[in-house]
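Protein chains: 2
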Amino acid sequence: MSRRVVALAGGVGGAKLVHGLANLLGENLSVIVNTGDDFEHVGLSICPDIDTVLYTLGGIANRVQGWGIEGESWSFLDQLGRLGGPDWFRLGDRDLAMHVLRTMGLARGERLTDIVARFAARLGIEAVILPMADEPVRTMVLSGDGELPFQDYFVRLRCEIPVSGFRLAGIEMASVTPEILTTMRHPDLDTILICPSNPFVSVEPILSVPGMRTELERVPVIAISPIIAGQAVKGPAAKMMRELDMPATAFAVAKRYAGLADGFVIDHADAEQAPAIEALGMKVLVTDALMRDEADRIRLARETLDFARSLRHG
Amino acid sequence: MSRRVVALAGGVGGAKLVHGLANLLGENLSVIVNTGDDFEHVGLSICPDIDTVLYTLGGIANRVQGWGIEGESWSFLDQLGRLGGPDWFRLGDRDLAMHVLRTMGLARGERLTDIVARFAARLGIEAVILPMADEPVRTMVLSGDGELPFQDYFVRLRCEIPVSGFRLAGIEMASVTPEILTTMRHPDLDTILICPSNPFVSVEPILSVPGMRTELERVPVIAISPIIAGQAVKGPAAKMMRELDMPATAFAVAKRYAGLADGFVIDHADAEQAPAIEALGMKVLVTDALMRDEADRIRLARETLDFARSLRHG
């Protein structure tokens, strides 16, 4: 059967579910990946979320840290530091190959979409990996009176400053790519999933690409909560919610997706929030939403797809 | 005492003598390094001769292969090949740090001279390392009806095609840097050495920088033969000489430097060529010109400096 699914994903948390989905769907899965935390570092174009998805689906991701390549070495970074270069962003030796080839491709005028497709083919990935846009969009983190680029906040400052908001620099110049349009309008597309990624810095940039939201109106949209029992499984989502005067709850995430998502997946730990979420106009699936290992990734992917089917037929 | 010496050098062979000289002279040594075999590869600016000199004087060179860094790792190159990138030029993981920082500096508009000075300081090098020019000069190897960039000839094709000549692309736009002028006109400068480097692709580019030759007329110039017993110690010099219809001899090299060099250093194996070389108007030092180890480097450097002194006072 040719049931096609689109997943919107950021980095680590999103990539785990994407991995489960890819196991079930193969080439019938398309992943639209956040590029808002891309940045330029030591002259190289770096796309952390795309790379995490590529490494995860290519079977070479470091499972323990969630980002980067398994068995990575760090000779480059060591020498970079010795030569006085900036070594706060941990560029691994293998990882660097992707950045160098991408930078070279972009300098030649190639589209990020085409570069990523080539990497995916080389890594033997069946799923279609699509950057949310080919134009650069850069998430700026607002804090106090200033703002700073996302990776400065996330990696260099380890999220240690309070955030008061976000600005997506360049978003007004970005556009939905032809490949995303084709994917979103495919007659066999039957579900769009919003992965358990950070709602502010992973999902929001994707949804903010001009023209993207209208592409989400044709088929059921299911979001999976990145918040379990008041905590983000990974990353600063819960901290950001508190700093933005929101409760760090699955319900608060669901509220952001009200009017967009038809279904919402939460963990057993948050079961008591189900009625409130349903009151937002969504169906709710309560399950084990924590992905500890590969079996969990596949199980949650399967449950989410079954849930989506029940929405269409129920 | 503040006896100052300038050495003109290419890569591996030149770097060995430079290493010996640096041991004796420290900060009183300035090295003008060939940039004609620099090239752009996978978007990076690579300066093989400068890096060989930096790694050698920084004490981190791979002594066995002559280029690159001791204990280098190759994860980047392995992954680059896996992603379909060009892996014929062996970029090591540590080596890459220099290329990335240099490319970044040049993109910012910094001069190569300033970038190299920073690397040298970081590597604890006392000698002054000066690129022959800040403008790009690229040695093109002529063969048959065509020409190709030096690294394509040297590394990718392993020197397997016959050469019919060379073209120094960009040389007319190059100029002697202020740092080279200051060095060449220093009142304490008393000797200029032409290292045992390839006369065509290492020394000729340096001598061809507009304005360079007149800077070599103030103090005695001593050249050290890169040819011993009809063979190049390293690299394609002897092969090139035969293809260019020259005998592969120390004398043929000396002939190229006639009118420029005041002294010429040859190996015992070539002692019978001494009278012919003297007939070119040069004094000749016959010694053990092969540098097998660090002791040889220092010995040959000392003998060459003593020879230079004898020319001045003799």
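Residue numbers (the numbering used here), protein chains in the order written: chain A, -2 to 311; chain B, -2 to 311. All C-beta atoms, glycine included, are put in the ideal place defined by N, C-alpha and C.
Work out the CA separation of residue j and residue i for me, nearest whole Å.
{"i": "B:Val206", "j": "B:Leu165", "result": "10 Å"}
{"i": "B:Thr53", "j": "A:Val160", "result": "48 Å"}
{"i": "B:Val61", "j": "A:Gly162", "result": "56 Å"}
{"i": "B:Leu288", "j": "B:Val138", "result": "Reading off the sequence shown, one finds Met at residue 288 of chain B, where the question assumed Leu. One C-alpha to the other measures close to 28 Å."}
{"i": "A:Ala234", "j": "A:Gly167", "result": "23 Å"}
{"i": "A:Asp142", "j": "A:Leu241", "result": "15 Å"}
{"i": "A:Arg210", "j": "A:Ser222", "result": "19 Å"}
{"i": "B:Asp46", "j": "B:Gly82", "result": "24 Å"}
{"i": "B:Lys236", "j": "B:Gln228", "result": "8 Å"}
{"i": "B:Gly89", "j": "A:Phe73", "result": "8 Å"}
{"i": "B:Val2", "j": "A:Arg79", "result": "29 Å"}
{"i": "B:Ala249", "j": "B:Ala58", "result": "31 Å"}
{"i": "B:Met(-2)", "j": "B:Arg306", "result": "Legend: pLDDT at B:Met(-2) = 49, less than 50; position of this residue unreliable, no value from coordinates given."}
{"i": "A:Lys13", "j": "A:Ala298", "result": "10 Å"}
{"i": "A:Ile66", "j": "A:Gly121", "result": "16 Å"}
{"i": "A:Leu178", "j": "A:His310", "result": "25 Å"}
{"i": "B:Ile274", "j": "B:Asp293", "result": "24 Å"}
{"i": "A:Gly260", "j": "A:Leu302", "result": "11 Å"}
{"i": "B:Asp35", "j": "A:Ala245", "result": "55 Å"}
{"i": "A:Ile43", "j": "B:Gln270", "result": "59 Å"}
{"i": "B:Leu93", "j": "B:Ile126", "result": "20 Å"}
{"i": "A:Val281", "j": "A:Arg153", "result": "38 Å"}
{"i": "B:Trp71", "j": "A:Asp75", "result": "14 Å"}
{"i": "B:Gly33", "j": "A:Gly208", "result": "51 Å"}
{"i": "A:Ala266", "j": "B:Ala114", "result": "60 Å"}
Between which residues of its own chain and residue i is the CB-CB distance below 6 Å, once the five residues before and five after are set aside?
{"i": "B:Leu77", "result": "Asp84"}
{"i": "A:Glu132", "result": "Met170, Ala171"}
{"i": "A:Asp264", "result": "Ile225, Ala286"}
{"i": "B:Ala118", "result": "none"}
{"i": "A:Tyr351", "result": "As displayed, chain A neither begins before -2 nor continues past 311, which places residue 351 of chain A out of reach and without an answer."}
{"i": "A:Ser199", "result": "Gly7, Asn31"}
Using the DSSP secondary-structure output, state which residues sit across from residue i in a beta bridge.
{"i": "A:Glu37", "result": "A:Ser42"}
{"i": "B:Asp264", "result": "B:Thr284"}
{"i": "B:Pro146", "result": "B:Met137"}
{"i": "B:Ala229", "result": "B:Ile224"}
{"i": "A:Thr188", "result": "A:Val2"}
{"i": "A:Ile66", "result": "A:Ala58"}
{"i": "B:Ser205", "result": "BP columns for B:Ser205 are empty, so no partner."}
Counting C-beta neighbours from all protein chains within 10 Å, is the total for residue i 16 or more, i.e. buried, or is it exposed?
{"i": "B:Ser27", "result": "buried"}
{"i": "A:Glu176", "result": "buried"}
{"i": "A:Leu98", "result": "buried"}
{"i": "B:Val30", "result": "buried"}
{"i": "B:Glu69", "result": "buried"}
{"i": "B:Asp48", "result": "buried"}
{"i": "A:Glu201", "result": "buried"}
{"i": "B:Ala276", "result": "exposed"}
{"i": "B:Pro272", "result": "exposed"}
{"i": "A:Pro196", "result": "buried"}
{"i": "A:Ala268", "result": "exposed"}
{"i": "A:Arg91", "result": "buried"}
{"i": "B:Asp187", "result": "buried"}
{"i": "A:Arg135", "result": "buried"}
For residue i, I'd like the list of residues in its chain whose CB is within less than 7 Å of its CB, leaving aside the five on either flank, ordered along the chain.
{"i": "A:Phe116", "result": "Leu51, Met95"}
{"i": "B:Leu257", "result": "Leu213, Val218"}
{"i": "A:Leu41", "result": "His96, Val97, Thr100"}
{"i": "A:Met279", "result": "Ala251, Ala258, Asp259, Gly260, Phe261"}
{"i": "A:Gly56", "result": "none"}
{"i": "A:Cys156", "result": "Tyr150, Pro233, Lys236"}
{"i": "B:Gly63", "result": "Val9, Lys231"}
{"i": "A:Val216", "result": "Leu186, Asp187, Thr188, Ile189"}
{"i": "A:Ser140", "result": "Ile158, Pro159, Val160, Ser161"}
{"i": "B:Phe86", "result": "His38, Gln148, Val152"}
{"i": "A:Ile203", "result": "Leu5, Ile29, Asn31, Met129, Met209"}
Residues in its own chain within less than 8 Å of residue i by CB, not counting five upstream and five downstream?
{"i": "A:Val15", "result": "Ala4, Ala6, Leu26, Val28, Val50, Thr53, Leu54, Ala124, Cys192"}
{"i": "B:Ile112", "result": "Leu98, Arg99, Gly102, Leu103"}
{"i": "B:Leu190", "result": "Val2, Val3, Ala4, Leu5, Leu14, Leu18, Val218, Ile219, Ala220, Ile221, Thr301, Ala305"}
{"i": "B:Gly23", "result": "Glu123, Ala124"}
{"i": "A:Glu144", "result": "Met137, Val138, Arg164"}
{"i": "A:Leu21", "result": "Ile295, Ala298, Arg299, Leu302"}
Are the C-beta atoms of residue i and some chain C residue less than 8 Å apart?
{"i": "A:Ser199", "result": "Annotation note: the requested chain C is absent from the structure, which comprises protein chains A and B."}
* Asked: Are the segment 177 to 186 of chain A and the segment 5 to 13 of chain A in contact at 8 Å, needing three or more beta carbon pairs?
  -> With a cut-off of 8 Å, the segment 5 to 13 of chain A and the segment 177 to 186 of chain A do not count as touching, because too few Cβ pairs lie within range.
* To do: Please determine if the segment 98 to 109 of chain A and the segment 140 to 153 of chain A are in contact, where contact requires at least 3 C-beta pairs separated by less than 8 Å.
  => no
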